[in-house]
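Asks:
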Amino acid sequence: MVRLCVICNKERAIVKRPKTGQQVCRECFYYVFETEIHNTITDNKLFKKGDKVAIAASGGKDSTVLAYVMKLLNQRYQYDLDLFLLSIDEGITGYRDDSLETVKRNQQQYELPLKIVSYSELYGWSMDQIVKEVGLKNNCTFCGVFRRQALDRGAVILDVDHIVTGHNADDIAETVLMNILRGDIARLPRCTEICTTGDGSIRRSKPFKYTYEKEIVMYAYFKKLDYFSTECIYSPNAYRGHVRTFIKDLESIRPSAIIGNDIYNVLKKKTKNYLVYLFNVFCYYKDIIHSGEAFEIKEGVKLPVQGICKRCGYMSSNELCKACMLLEGLNRGLPKLGIGKNFK
Ligand SMILES: Nc1ncnc2c1ncn2[C@@H]1O[C@H](COP(=O)(O)OP(=O)(O)OP(=O)(O)O)[C@@H](O)[C@H]1O
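FYI, in my numbering the residues of the sequence shown are 89 to 432.
#1: State whether the stretch 313-322 contacts the stretch 101-112, with contact taken as three or more CB pairs (one from each stretch) at a distance under 8 Å.
#2: If I measure Cβ to Cβ from Ile204 and keep anything under 7 Å in the same chain, skipping five residues before and after, which residues do I get?
#3: Any idea what DSSP makes of Asp177, helix, strand or coil?
#4: Suppose you measure from the CA of Leu418 to the CA of Ser289; what does that come to, to the nearest Å?
#5: Leu239 and Ala144: beta carbons closer than 9 Å?
#6: Does any heavy atom of ligand 1 sit closer than 8 Å to the C-beta of Gly148?
#7: Per DSSP, Leu202 is paired with what?
#8: So, do the stretch 150-163 and the stretch 251-267 have three or more beta carbon pairs nearer to each other than 8 Å?
#9: Please confirm whether Lys294 and Ile377 have their CB atoms less than 9 Å apart.
#10: Run through the stretch 102-181 for me and flag every whole alpha helix (DSSP H) of 4 or more residues, listed as ranges in chain order.
#11: Give me whichever residues DSSP pairs with Ser404 in a beta bridge.
#12: I'd like to confirm something about Glu281: is its beta-carbon nearer than 8 Å to some heavy atom of ligand 2, or not?
#13: Cα separation between Ile102 and Val112?
#14: Around the Cβ of Gln163, are there at least 16 other Cβ atoms within 10 angstroms (buried) or fewer (exposed)?
#15: With DSSP as the reference, please indicate the residues paired to Arg292 in a beta bridge.
#16: Here's the rule I'm using: 16 or more other beta-carbon atoms within 10 Å means buried, otherwise exposed. How should Ala142 be labelled?
#17: Can you give me the start and stop residues for the alpha helix (DSSP H) that Pro277 sits inside?
#18: Classify Leu246 as helix, strand or coil using the three-state DSSP reduction.
#19: Using the three-state DSSP reduction, which class does Leu313 fall into: helix, strand or coil?
#20: Under 6 Å Cβ to Cβ from Phe117, same chain only, skipping five residues before and after it: list those, please.
#21: How many Å lie between Tyr198 and Val94 at the Cα?
#22: Going by DSSP in three states, Arg332 sits in which element: helix, strand or coil?
#23: Take the Cβ of Arg100 as the centre, count every other Cβ of all protein chains shown within 10 Å, and call the residue buried at 16 or more, exposed below.
#24: Excluding sequence positions up to five away, which residues of its chain have a Cβ less than 7 Å from the Cβ of Gly395?
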């Protein structure tokens, strides 16, 4: 028996949405996927007309889908945004050089201007050189800290108001758990925010905050988008990888583990299939992301005060920002100096 799409009730269902369990046809999947992102953008007032927005593009599935969908929604709903692609070349031979080739093709396919900035030009060190110094244990700390600042610097070069990244619901759930496991209460409330203002006035947001990674992969696959799918060669020991595996295990016994369902959306959701409706109601849980959002810091708890790095002028809660600390360690031949809390 042919199963019909629960939304249009006409076409054959070919996708079971990981987010809701709904069986939908290809066109309805595109429509709900894109509309949910549009709703996230408008509900959270992420942009205003005329904004210049840089899409942080790594060539991977998330940012490739982000670039495609941002361009599409910008046209469909007349957001009136000026869009750019911004890529950071960390200098990882056999990985980032290949993925940047994908971004260059995306530039042609989506007709968006592209700016690439490299760690070598900004810091004088590529990740290949850093890994030679520090090995494979703490290299992701260097890469993450440097990339954050590199994106800000790239945004200044492009003179944009806003950076959007492809962080999805799975990434955010991982970050919530990592912050809990590390007891990093200062970062915990911030990591679930959909939009933050970093250094200066450049806003940074995550239009995929409520989008499941599996749906992004499905979308990229059905739309035949051109993306690079290899994992970073330097991240096999990253802490995040262990947290990811843990969440996947949780999901196998509790599919709502990442985000749960918002009861109001569940009740609003129109479906003629009563079983699907009941399933959605039963799936009403507030799981990792909602838990992260609900955390409140007790009054009186001392939190780091944000100031300015005395060396580079970027935002920092210490005299020197983390990027400058790490860089100083590298330049002094003591790469472990900036890692941990005992830097002097
Ligand atoms: N080298 C880079 N240049 C520009 N943006 C980047 C780069 N690396 C990561 N980003 C941004 O940060 C987001 C999250 O990066 P992460 O390393 O978690 O990769 P990911 O989840 O595999 O995403 P993607 O599939 O887009 O690579 C990306 O979606 C992208 O927007």
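The beta carbon of each residue, even a glycine, is placed where N, CA and C say it ideally should be.
Replies: For this structure:
#1: They do not touch, by the three-pair rule.
#2: For this step, residue 204 is matched to residue 116 along the sequence shown. Contacts found: Ser175, Asp177, Leu188.
#3: Taking the sequence shown and counting its residues from 1, the one referred to as residue 177 is at position 89. Of the three classes helix, strand and coil, the one that applies to Asp177 here is strand, per DSSP.
#4: Position 330 of the sequence shown, counted from the first residue, corresponds to residue 418. Position 201 of the sequence shown, counted from the first residue, corresponds to residue 289. Rounded to whole angstroms, Leu418 to Ser289 spans 30 Å at the Cα level.
#5: Here residue 239 refers to the residue found at position 151 when the sequence shown is read from its first residue. Here residue 144 refers to the residue found at position 56 when the sequence shown is read from its first residue. For Leu239 and Ala144, yes; Cβs fall inside 9 Å.
#6: As a first step, residue 148 must be located in the sequence shown, where it is residue number 60. Correct: Gly148 has its Cβ closer than 8 Å to ligand 1.
#7: Counting from one through the sequence shown, the residue named residue 202 turns up at place 114. Its beta-bridge partners are Leu173.
#8: Yes, the stretch 150-163 touches the stretch 251-267.
#9: By one-based count along the sequence shown, residue 294 stands at place 206. By one-based count along the sequence shown, residue 377 stands at place 289. It is not a contact, given that the beta carbons lie outside the stated cut-off.
#10: 114-131, 149-164
#11: What you label residue 404 is simply residue 316 of the sequence shown in a count that begins at 1. DSSP output for Ser404 lists Gly395 as bridge partner(s).
#12: Ligands displayed in this structure: ligand 1; ligand 2 is not among them.
#13: Within the sequence shown, the letter at position 14 stands for residue 102. Within the sequence shown, the letter at position 24 stands for residue 112. The alpha-carbon separation between Ile102 and Val112 amounts to approximately 6 Å.
#14: By 1-based counting over the sequence shown, the position of residue 163 is 75. Flag for Gln163 reads exposed.
#15: On the sequence shown, residue 292 is found 204 positions in, with the first residue counted as 1. Note: Arg292 sits in a beta bridge opposite Ile251, Thr284.
#16: Mapped onto the sequence shown, residue 142 falls at position 54. Its Cβ being crowded by 16 or more others within 10 Å, Ala142 is buried.
#17: Stepping through the sequence shown from its first residue, residue 277 is reached at position 189. First-last of the alpha helix (DSSP H) with Pro277: 275-279.
#18: Along the sequence shown, read from residue 1 onward, the residue named residue 246 stands at position 158. If DSSP states are grouped into helix, strand and coil, Leu246 belongs with the helices.
#19: By one-based count along the sequence shown, residue 313 stands at place 225. It is coil, neither helix nor strand.
#20: Taking the first residue of the sequence shown as position 1, residue 117 is located at position 29. Excluding sequence neighbours, Phe117 sits near Val103.
#21: Along the sequence shown, one-based indexing puts residue 198 at 110. Along the sequence shown, one-based indexing puts residue 94 at 6. Cα to Cα, the separation comes out at about 32 Å.
#22: Within the sequence shown, residue 332 is the residue found at index 244, counting from 1. Helix at Arg332.
#23: On the sequence shown, position 12 is the one that residue 100 refers to. That one is exposed.
#24: To locate residue 395, count along the sequence shown from 1; it is residue 307. Here the set comprises Ser404, Ser405.
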